[in-house]
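All residue numbers for the sequence shown refer to my numbering, where the first residue is 15 and numbers rise by one.
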Amino acid sequence: MAELAQIRNFSVIAHVDHGKTTLSDRLLETTGTVPLREMRDQLLDSMELEREHGITIKARAVRMAWREHELNLIDTPGHVDFTYEVSRSLAACEGAVLLVDASQGIEAQTLANAYLAVEQGLEVIPVINKIDLPNIDIDVVREELRTTLGFRDDEILLVSGKTGAGVNELLDAIVERVPPPVGDVAAPLRALIFDSHYDAYKGVVAHVRVVDGSLASHDRIRLMATERESELLELGVFVPDPRPIARLETGETGYVATGLKAVADCRVGDTLTLAARPARAPLPGYRPAKPMVFAGFYPSNAQDYPLLKDAMEKLRLNDASLIYEPETSQALGFGFRAGFLGLLHLEIVQERLEREYDLDLIATSPSVEYRVITQKGAEVPIDNPALLPDPGTIVEIREPWMKVTVIVPTTHVGPVMELAQTKRASLVDMSYVDPTRAMLKYDMALSEVIVDFYDQLKSSSRGYASLDYEFAEYRPADLVRLDILVSGTLVDALSIITHRERAQQSGRVLVNKLRGLIPKQMFDVRIQAAIGGKVIASETVKAKRKDVLAKCYGGDITRKRKLLEKQKEGKKRMKMVGSVEIPQEAFLAVLRIGDDT
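Structure representation (structure tokens):
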């Protein structure tokens with residue numbers, strides 16, 4: 015086992031696509047952690063989804079050896095939706111490698127992650143990555159690091175995650191600059207759970223960082239928040255595959271197979287201690303993640319509800335920022351209302367449920383959490399449009415606003431400002447990161463950010479703009495609930511909360527889209543958009559018609575008329591008992607409504 019002074023715990027942080035995972039691959043290769051014959055790209059991205067999207071979703075911890083030192087690397091996500099994963103990973107480290115792409119320079123998430131690391135008191139090592147690319151100006155990126163984040167020239171390292179150039183120097187810098195962990199070897203065990211996953215054979219597997227004391231493979235453990243006790247099934251480290259070991263000492267990171275079957279018993283941020291010699295006080299955990307976007311998940315087949323419930327429980331263990339509660343919908347039956355950190359998070363969770371647990375799901379349109387002030391003076395949080403109280407009882411509705419930071423080349427500032435105006439954004443500040451790039455700071459409603467702002471920002475800046483946002487405050491707004499009725503029946507899952515001035519247009523766009531998506535029935539289907547009791551837009555899906563006259567060759571007109579009358583009677587009867595099946599695309603249409611309004 016390594017001495018405390020020989021251990022270094024560090025994270026790699028960067029904007030999305032700046033090469034964290036590729037650099038992590040080179041670190042594993044250079045330290046000999048993974049033999050060359052077993053090396054493959056994106057080694058730490060074990061999820062199929064991560065490899066497809068080319069992004070890291072889950073933080074991964076791996077142990078490496080370098081010049082008599084034990085290095086524990088925690089690979090983190092870069093996308094703005096997964097900042098919570100980053101903050102958790104940083105809590106288990108003493109140092110952070112801040113990666114900046116040599117061709118793109120400092121981006122919005124680079125700043126956000128750097129400030130996160132500084133707030134937690136970490137030693138930050140600035141690294142310019144992708145130096146093997148042609149047509150790059152390293153001096154410009156150096157200047158950005160100096161002026162924006164205050165680094166000195168001699169602190170900045172040059173690395174290529176692709177070719178491995180400068181990786182040895184980076185490993186030396188981690189050993190020299192990152193301080194060893196501080197902890198009391200003789201004190202009772204305190205280990206911070208910074209991540210966890212579920213294993214069908216070993217139960218809940220907690221990823222831990224030992225802060226005080228030590229842990230042996232035969233110990234009985236206690237979780238301080240839930241006060242659950244359990245015999246250890248296995249103790250080990252990731253190298254990067256799990257490898258069982260006999261002991262985990264102060265300052266080390268590893269995993270603990272608890273054997274606990276109940277997902278709620280082992281929470282991320284909890285403190286692990288020994289049952290025989292418990293610690294007095296737990297470690298400061300994490301602030302709970304605050305979900306920003308809410309949507310309903312329903313099984314396409316009502317019998318799959320127990321499977322969905324089980325899958326949500328297991329996924330919640332692996333993703334501590336996911337929250338959910340059961341709900342029912344008149345249109346869709348039993349399901350769950352879930353909260354997410356952003357739209358990408360929602361998309362990833364839905365894909366994981368469908369792939370890993372083999373479920374067929376319907377997701378309702380995403381909504382943000384509004385605060386409704388009633389006439390009784392109460393403040394009611396509403397994250398489901400269907401639950402909005404009667405307009406007569408509402409004094410005002412408040413919606414969440416965000417502080418949005420956009421970094422964009424000066425040549426594209428005009429189109430980005432035009433886009434922001436269409437999104438009800440107000441410009442707070444404009445400054446220059448370097449002579450070619452501007453930083454725009456906006457106040458913007460979260461409902462505008464989540465729908466398609468990121469996509470439109472990318473297209474109006476030809477892919478060069480980067481985005482970061484954080485919660486600012488709740489502000490009053492003139493909002494109404496737009497309901498959709500199909501054949502006179504309210505489809506609660508299609509309801510949205512929108513601004514009064516946009517309601518008419520949104521309603522028209524929505525019924526028009528639904529007309530094209532709802533398949534023809536044997537009877538006419540009327541689709542209406544309404545606010546309260548007032549219908550503001552209406553369309554009709556015409557009935558399928560069988561050609562009842564096909565067999566009539568010429569002959570008497572009265573015979574044809576008789577056949578048509580008979581068909582009409584049948585249709586009238588069907589209209590009375592007809593129920594309309596609404597396809598999944600109809601729920602997605604609500605998502606895309608912003609594109610057309």
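We treat Cβ as the ideally placed atom computed from N, Cα and C, and that holds for glycine.
Please read these numbers as outputs of a predicted model, since none were measured by experiment.
The three-state reading of DSSP puts Y483 in strand, counting E and B together. With fewer than 16 neighbouring CB atoms inside 10 Å of its own CB, P395 falls in the exposed class.
Annotation: the continuous alpha helix (DSSP H) that includes D153 extends over I152 to L163. Approximately 7 Å separates the beta-carbon atoms of L481 and V418; this is inside 8 Å, confirming the contact.
Taking a C-beta distance under 8 Å as the contact criterion, Q344 and D506 qualify as a contact pair. In this structure, A260 lies near S231, with their beta-carbon atoms less than 8 Å apart.
For M78 and T45, the gap between their C-alpha atoms comes out near 6 Å. The segment 457-466 makes no contact with the segment 390-406; the number of CB pairs closer than 8 Å stays below 3.
By the criterion of a C-beta distance shorter than 8 Å, Q364 is surrounded in its chain by F311, L375 and A377, once the five residues flanking it on both sides are discounted.
Between the alpha carbons of E84 and F24 lies a gap of roughly 11 Å. Around the beta-carbon of G406, fewer than 16 other beta-carbon atoms lie within 10 Å, marking it exposed. Counting only residues of its own chain and dropping the five nearest sequence neighbours on each side, D443 has a CB closer than 6 Å to the CB of K455. If the five residues before and after L297 are omitted, its C-beta is found closer than 7 Å to the C-beta atoms of R204, L206, V225 and T285, all from its own chain and listed in chain order.
For G175, same chain residues with a beta-carbon under 6 Å away, outside a window of 5 residues either side, are G33, T36, L37, R40 and N143 in chain order. Measuring C-alpha to C-alpha distances from A289 to each of R236, S475 and S509 identifies R236 as the nearest. Bounds of any alpha helix (DSSP H) do not take in P256; it lies within the beta strand (DSSP E) bounded by P256 to P258.
In this structure, the straight-line span from the alpha carbon of Q389 to that of I408 is close to 6 Å.
A Cβ-Cβ contact shorter than 8 Å links G353 with P305.
Three or more beta-carbon pairs separated by less than 8 Å are not found between the segment 144-153 and the segment 191-205, which leaves the two stretches without contact. Annotated three-state conformation of A28 is strand, per DSSP. D168 and E43 have their alpha carbons spaced roughly 26 Å apart. For T267, the pairing in a beta bridge is given by DSSP as R223. In chain order, T47, V76 and R77 place their CB closer than 7 Å to the CB of V253, counting only its own chain and leaving out the 5 sequence neighbours on each side.
Closest option to V114, judged by alpha-carbon separation, among L136, L163 and A400: L163. Between A479 and V430, the C-beta gap is smaller than 8 Å, which places the two residues in contact.
If you look at T285, you'll find it in the beta strand (DSSP E) that goes T285 to L288. For Q535, no pairing in a beta bridge is given by DSSP.
Look at G547 here: in three-state DSSP terms it is coil, with no helix or strand label. CA-to-CA, the gap between L367 and R156 works out to about 43 Å. Put simply, of A126, R516 and V251 the residue whose alpha carbon is nearest the alpha carbon of E484 is A126. The residues V422, P423, H426, P429 and V430, in chain order, have a CB closer than 8 Å to that of S475 in the same chain once the five nearest residues on each side in sequence are set aside. DSSP places N143 in the uninterrupted beta strand (DSSP E) bounded by E137 to N143. Between the alpha carbons of E410 and V386 lies a distance of about 6 Å. For E370 and I464, the gap between their C-alpha atoms comes out near 26 Å. Listed in chain order, the alpha helix (DSSP H) elements of length 4 or more contained wholly in the segment 318-391 are 319-332 and 357-370. Looking at the DSSP output, T554 sits in a beta bridge with R540.
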